Amino acid sequence: MLTAVYKSKKKADTFLFVEKRDDFSKVPEPLMATFGQPHYVMIINLAKRDHLGGSDLEAVKSALTDQGYYLQLPPPEQNLLSELRKQNGADSD
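Mind the numbering: the sequence shown is residues 1 to 93 in full-length UniProt numbering, read in order.
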């Protein structure tokens with residue numbers, strides 16, 4: 001299962017996986033507008049992989065099969081102040 005991977009220039013650490021290189025026909029217009037101009041990164045064969053760095057491999061395969069694309073978002077940012085408060089037992093939440 002080959003997939004083309006694109007990086008967003010508008011959204012840091014955001015990647016779009018599509019079935020065919022330069023074919024964004026299955027990606028909704030609002031998503032493409034938010035994603036911005038896709039920057040080609042690589043083509044990868046998902047069938048020969050055991051894992052992906054930032055996404056669940058089976059979720060990527062399933063999304064590509066079901067909807068024709070997969071959007072990988074960066075992990076949520078940690079609230080360092082909240083973490084420090086928890087460590088010091090001063091969490092006011």
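No residue lacks a Cβ here, since even glycine has one placed at the ideal position from N, Cα and C. Nothing here was measured: the structure is a model prediction, and the numbers come from that model.
message: I need the straight-line Cα distance from residue 18 to residue 83, nearest angstrom please.
response: Rounded to the nearest whole angstrom, the CA to CA distance from residue 18 to residue 83 is 37 Å.
State the Cα-Cα distance for the pair residue 21 and residue 3, rounded to the nearest angstrom. 8 Å
(message) Quick check on the DSSP output: the beta strand (DSSP E) that includes residue 71 runs from which residue to which?
(response) Segment 69 to 72, the beta strand (DSSP E) holding residue 71.
Inter-residue Cα distance where the pair is residue 23 and residue 49 | 23 Å
ask   = What is the DSSP secondary structure of residue 3, counted as helix, strand or coil?
value = strand
Residue 30 - containing alpha helix (DSSP H), residue span
29 to 35
**Message:** Please identify the residue among 61, 15, 88 and 53 whose C-alpha is closest to the C-alpha of residue 37.
**Reply:** 15
_Excluding the 5 residues flanking residue 63 on each side, which residues of the same chain have their C-beta closer than 6 Å to its C-beta?_
70
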